[in-house]
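Residue numbers (our numbering): 6 to 480.
Please read the structure below before turning to the comments.
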């Protein structure tokens, strides 16, 4: 007798497997039938899932940042976070409400459970300037409706948020303008009160009892005002020079950038290509603007030189006048004191006024940006490829599943026949007998069925007994 380990270690050839299956056809057929029935029932009872996809494009903003400063951010850099925003609770909650999705789930577990189930059925894939929304549902029409409604609701909420941000910025600037305007008015009142309190002692009101001092003081004031105007003009020209240098630099930078783009375009296209023609025209225009800016800078330089010479001449005149009125300086000792205090008040007033004008300009820009945002909101998101009800379910693949079930059933049938063969210790042919016992085979008795045949063979000699019995007798 063979042990279980020896039985399991026995190798089987293809012929052995075929004979094993032939000896046990009903077992193999039964196993195949059971697996086929169970697998077919599983595949055919799987619910069908339909998928619909819509494509939404994000339109870039067209506002010139140099003209109007935006109060809300661009959408393009946030494409990678669109999936989280689109699958958020506000968007999906509105979709659930509008389409009345999952009413039983909402009644049983609440709206959050329906939102979570809808989130699992949606897949958002951002691309360069667009995103795809794929929805899986048990109904093709419902899948298409959700795929079209999700980006629509997302666009509505995004536009509402951006409009609210622009409105908030406008309100903030409005409050700052009112606050700064009150500060400017307060400094104006302080200057008026100071002048009223020191009337007759201010620099522009200086009068002395001596007629000579009046003449000299008036001339000094006139020349001082002239010098102040000249210096102010020089300061303005200096500021204009800085602005001119910046303008020339920007114009030259634009020329360099356009020339680089033109060179790159010429490496890709011919000279008569629209892109090359456009860039050539823009390069010529940019060069013209650069030359004009440089010419304006030269004119400003000449004016600044003339203003410097004029200021020097005025200063020399003032020096001469100061020598003449040194005898009268004692009477003017009180005037600088009030002039310093008045200058401090005026300086604070100028600072407050500058802040007020700056915030007022930003408020105007915010209002313009709000108007532009309201005008561009309908074009921010466009549904370039609406979802249509699919004609075929995405899953399950019944044909493929049935093929897998068929292969599994055949494999299970063959495996059951092989396992039974490995556990079978009986000897079926001469080859197995020779492999089991190192003895010569004297005779082979074929299998004979029927009672009459068995009664005839019973009195047979021992030489006609089965090889297994002969082997046991020899042992």
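Yeah, the Cβ is synthetic: ideal placement off N, Cα and C, and Gly gets one too.
Beta strand (DSSP E) segment containing residue i, residue limits
{"i": "residue 165", "result": "Run containing residue 165: none in the beta strand (DSSP E); it sits in the alpha helix (DSSP H), 145-202."}
{"i": "residue 58", "result": "55-63"}
Residue range of the unbroken alpha helix (DSSP H) whose run includes residue i
{"i": "residue 128", "result": "Looking at the DSSP string, residue 128 is not in any alpha helix (DSSP H); the run it does join, the beta strand (DSSP E), is 127-131."}
Where residue i falls: helix, strand or coil (DSSP)
{"i": "residue 105", "result": "coil"}
{"i": "residue 139", "result": "strand"}
{"i": "residue 330", "result": "coil"}
{"i": "residue 92", "result": "coil"}
{"i": "residue 388", "result": "strand"}
{"i": "residue 416", "result": "helix"}
{"i": "residue 276", "result": "coil"}
{"i": "residue 115", "result": "coil"}
{"i": "residue 291", "result": "helix"}
{"i": "residue 348", "result": "helix"}
{"i": "residue 393", "result": "coil"}
{"i": "residue 207", "result": "coil"}
{"i": "residue 338", "result": "coil"}
{"i": "residue 398", "result": "coil"}
Pairwise C-alpha distance: residue j and residue i
{"i": "residue 229", "j": "residue 346", "result": "19 Å"}
{"i": "residue 232", "j": "residue 320", "result": "7 Å"}
{"i": "residue 361", "j": "residue 297", "result": "33 Å"}
{"i": "residue 42", "j": "residue 413", "result": "12 Å"}
{"i": "residue 103", "j": "residue 285", "result": "54 Å"}
{"i": "residue 96", "j": "residue 160", "result": "9 Å"}
{"i": "residue 318", "j": "residue 368", "result": "45 Å"}
{"i": "residue 282", "j": "residue 255", "result": "23 Å"}
{"i": "residue 260", "j": "residue 357", "result": "39 Å"}
{"i": "residue 144", "j": "residue 127", "result": "14 Å"}
{"i": "residue 408", "j": "residue 116", "result": "41 Å"}
{"i": "residue 91", "j": "residue 108", "result": "22 Å"}
{"i": "residue 194", "j": "residue 200", "result": "10 Å"}
{"i": "residue 78", "j": "residue 311", "result": "Low per-residue confidence applies at residue 78: pLDDT is 47, beneath 50, and the placement is therefore not dependable, though the value from the model is reported in the following sentence. Cα to Cα, the separation comes out at about 48 Å."}
{"i": "residue 327", "j": "residue 181", "result": "47 Å"}
{"i": "residue 352", "j": "residue 341", "result": "16 Å"}
{"i": "residue 350", "j": "residue 165", "result": "46 Å"}
Residues near residue i by beta carbon distance below 7 Å, same chain, minus five either side
{"i": "residue 280", "result": "270, 274"}
{"i": "residue 44", "result": "410, 413, 414"}
{"i": "residue 322", "result": "228"}
Residue-chain proximity (residue i, chain E), Cβ-Cβ < 7 Å
{"i": "residue 326", "result": "Structure shown: chain E not included; a single protein chain is present."}
Presumed contact (8 Å Cβ cut-off) between residue i and residue j, rounded CB distance
{"i": "residue 316", "j": "residue 236", "result": "6 Å"}
{"i": "residue 100", "j": "residue 155", "result": "6 Å"}
{"i": "residue 151", "j": "residue 140", "result": "4 Å"}
{"i": "residue 364", "j": "residue 185", "result": "6 Å"}
{"i": "residue 37", "j": "residue 415", "result": "6 Å"}
{"i": "residue 371", "j": "residue 174", "result": "5 Å"}
Same chain, Cβ closer than 8 Å to residue i, five either side skipped, listed in chain order
{"i": "residue 393", "result": "57, 149"}
{"i": "residue 71", "result": "With a pLDDT of only 45 at residue 71, under 50, the local geometry of the prediction cannot be trusted, and the value read off the model is given with reservation. No residues qualify anywhere along the chain."}
{"i": "residue 189", "result": "354, 357, 358, 361"}
{"i": "residue 198", "result": "none"}
{"i": "residue 196", "result": "347, 350, 351, 354"}
Same chain only: Cβ atoms within 6 Å of residue i, ignoring 5 sequence neighbours per side
{"i": "residue 4", "result": "A question about residue 4 goes unanswered here, because the residues of the chain that appear run from 6 up to 480."}
{"i": "residue 287", "result": "263"}
{"i": "residue 203", "result": "343"}
{"i": "residue 138", "result": "59, 129, 152, 155, 156"}
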